[in-house]
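Numbering (my numbering), first residue to last: 1078 to 1393.
Working notes, structure below.
Structural data, given as structure tokens:
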């Protein structure tokens, strides 16, 4: 069980360390990447030695983020020692993949906003009212005594923008909007960020056309699914927005995207109108929000699909 900390206590904990490793969850999104990079830059300004590590490929769509190339992957057999491992935007230890075995830290801290958080870390700051972990970081950076700049603001705005669906989702609060507005004052350019994230490659559109052909409906149209099988899967193609095409269909409550990243490993993304998909994801070792969650199922796509659909059917 974690020690639940105030933001001031987390700031003091971070400043008391010399060597830190920061990591987001696997299949990193804009919030995971933006929050991790922002904290890295803030701690380096405070004179700390910081390594950022992720057990996954970084989507090319986020290539505009400052220092995005500094992420390293955990290597088999190599162990990195640190005073503190800081896990950002991840609700359970398995969500950071091989990083958990590749870092030998004296303690683990977790900064998160997911309602499905399992309290796995030694120290936890959890704010489930925040639209994004990046929204938490806006306040944490101030507690660290670090002044925001254009680079920090760009990373944090990207995290907020992506996790609240471009300010369209129900998790967008007045606090979310105030945080975003402040980041604009420090140099974040919303038009540049939205253009970068909204631009599709030819490969992305070609794959979308093929994936849409897999659209299927279950439970009297309450569940819609899309699939990316092993023949279609390409780690260099950003598929994060594909699930929206299954989600915004009349009569659909739960939309699911199944992605065969390996022959016996399927990543599952879920979005809903009413059903608590975080609870479903948690039952498979994943996590997320009530209306947006995901998990990794160590089964071939068809078997994973059957189990997940069964769980969703029971939850409806």
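All C-beta atoms, glycine included, are put in the ideal place defined by N, C-alpha and C.
Along the chain, where does the beta strand (DSSP E) containing residue 1347 start, and where does it finish? Following the DSSP letters along the chain, one finds residue 1347 inside the beta strand (DSSP E) bounded by residues 1342-1349.
Work out the CA separation of residue 1157 and residue 1124 for me, nearest whole Å. For residue 1124 and residue 1157, the gap between their C-alpha atoms comes out near 19 Å.
If we cut at 8 Å on Cβ distances, does residue 1303 have a partner in chain B? Protein chains in the displayed structure number just one, and chain B is not present.
So, do the segment 1332-1343 and the segment 1359-1367 have three or more beta carbon pairs nearer to each other than 8 Å? The segment 1332-1343 vs the segment 1359-1367: no contact.
In the structure shown, what three-state DSSP assignment does residue 1185 receive? Secondary structure of residue 1185 (DSSP, three-state): strand.
With a Cβ-Cβ cutoff of 8 Å, do residue 1338 and residue 1381 count as a contact? No, the pair does not count as a contact, with Cβ atoms beyond the cut-off.
Buried or exposed (CB count within 10 angstroms, at least 16 for buried), residue 1173: Around the beta carbon of residue 1173, 16 or more other beta carbons sit within 10 angstroms, so the residue counts as buried.
How far does the beta strand (DSSP E) with residue 1202 in it extend, from its first residue to its last? Note, residue 1202: beta strand (DSSP E), 1200-1203.
Among residues of its own chain, excluding the 5 on either side of residue 1102, which ones have a beta-carbon nearer than 7 Å to its beta-carbon? So the list reads 1109, 1166, 1167, 1172 and 1173, once near-sequence residues are dropped.
If we call anything under 8 Å between Cβ atoms a contact, is residue 1093 one with residue 1221? Contact: no.
Tell me where the beta strand (DSSP E) around residue 1319 begins and ends. Per DSSP, residue 1319 is not a residue of any beta strand (DSSP E), being assigned neither H nor E.
Buried/exposed call for residue 1237, threshold 16 Cβ in 10 Å: That one is buried.
Go through the segment 1277-1303 residue by residue and report every complete run of the beta strand (DSSP E) that reaches 3 residues or more, in order. With a minimum length of 3 residues, the continuous beta strand (DSSP E) runs that stay inside the segment 1277-1303 are 1293-1295.
Can you give me the Cβ contacts of residue 1144 inside the same chain, cut-off strictly under 6 Å, excluding the 5 residues immediately before and after it? Around residue 1144: 1114.
Beta-carbon gap between residue 1159 and residue 1190 smaller than 8 Å: Result no, Cβ atoms of residue 1159 and residue 1190 do not sit closer than 8 Å.
Starting from residue 1265 and walking both ways along the alpha helix (DSSP H), at which residues does that stretch end? Under the DSSP assignment, residue 1265 falls outside any alpha helix (DSSP H); it carries neither an H nor an E label.
Going along the chain, which unbroken runs of the alpha helix (DSSP H) with 4 or more residues stay wholly within the segment 1131-1181? Listed in chain order, the complete alpha helix (DSSP H) runs (minimum 4 residues) inside the segment 1131-1181 are 1176-1179.
Could you check what DSSP says for residue 1194 in three-state terms: helix, strand or coil? Residue 1194 carries a coil assignment under DSSP once its states are collapsed to helix, strand and coil.
DSSP three-state assignment for residue 1208, whether helix, strand or coil: Of the three classes helix, strand and coil, the one that applies to residue 1208 here is coil, per DSSP.
Where residue 1091 falls: helix, strand or coil (DSSP): Residue state for residue 1091 is assigned as helix, using DSSP reduced to three classes.
Top-ranked residue by Cα proximity to residue 1151, from 1130, 1341, 1140 and 1386: Out of 1130, 1341, 1140 and 1386, 1130 has the C-alpha closest to the C-alpha of residue 1151.
Using DSSP's beta-bridge definition, name the partner residues of residue 1306. According to DSSP, which records beta bridges pairwise, residue 1306 is partnered with nothing at all.
Kindly list the residues whose CB is nearer than 7 Å to the CB of residue 1324, restricted to its own chain and excluding five residues on each side of it in sequence; keep chain order. Excluding positions up to five away in sequence, the list reads 1332 and 1348.
My understanding is that residue 1342 touches residue 1375, with C-beta atoms under 8 Å, so please give their C-beta distance in whole angstroms. About 6 Å separates the two Cβ atoms, so the contact holds.
Using DSSP with H/G/I as helix, E/B as strand and the rest coil, what is residue 1390? Helix.
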